[in-house]
Amino acid sequence: MSLVEFSTEEKAAITQKLQRYIADELQVEIGGFDAEFLLDFFSKEVGCFFYNRGLYDAQTVLNARFEEITDAVVALEKFEEKH
Numbered sequence: 001m002s003l004v005e006f007s008t009e010e011k012a013a014i015t016q017k018l019q020r021y022i023a024d025e026l027q028v029e030i031g032g033f034d035a036e037f038l039l040d041f042f043s044k045e046v047g048c049f050f051y052n053r054g055l056y057d058a059q060t061v062l063n064a065r066f067e068e069i070t071d072a073v074v075a076l077e078k079f080e081e082k083h
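Next up, the structure:
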């Protein structure tokens, strides 16, 4: 899978969050370049897991909606009147 492409603004926001997290949790200061490098690593190595989870979650929602649609269509069925 190829790297997820982020806009310049998204990449800046994510790298800032990575820098803050590493500083808060590990007491290590990293620069923007290192944070971008880390982001690229995560994107390449584990990004597919997040991507696939998103697909599975979307599929679950769609399946629930399709069931609702099927139920609605069944409710519209007309039956022959018996005399």
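Per this note's numbering: the sequence shown ends with 83, consecutive numbering throughout.
We put the CB at the ideal spot given by N, CA and C, even for glycine.
Model, not experiment: these values are computed from the prediction.
- For G54, the enclosing alpha helix (DSSP H) has its first and last residue at G47 to L76.
- In the displayed model, I22 falls within a helix according to three-state DSSP.
- With contacts defined as CB atoms closer than 9 Å, K11 and E36 qualify as a contacting pair.
- For S7, the number of other beta carbons within 10 angstroms of its own is below 16, and it is reported as exposed.
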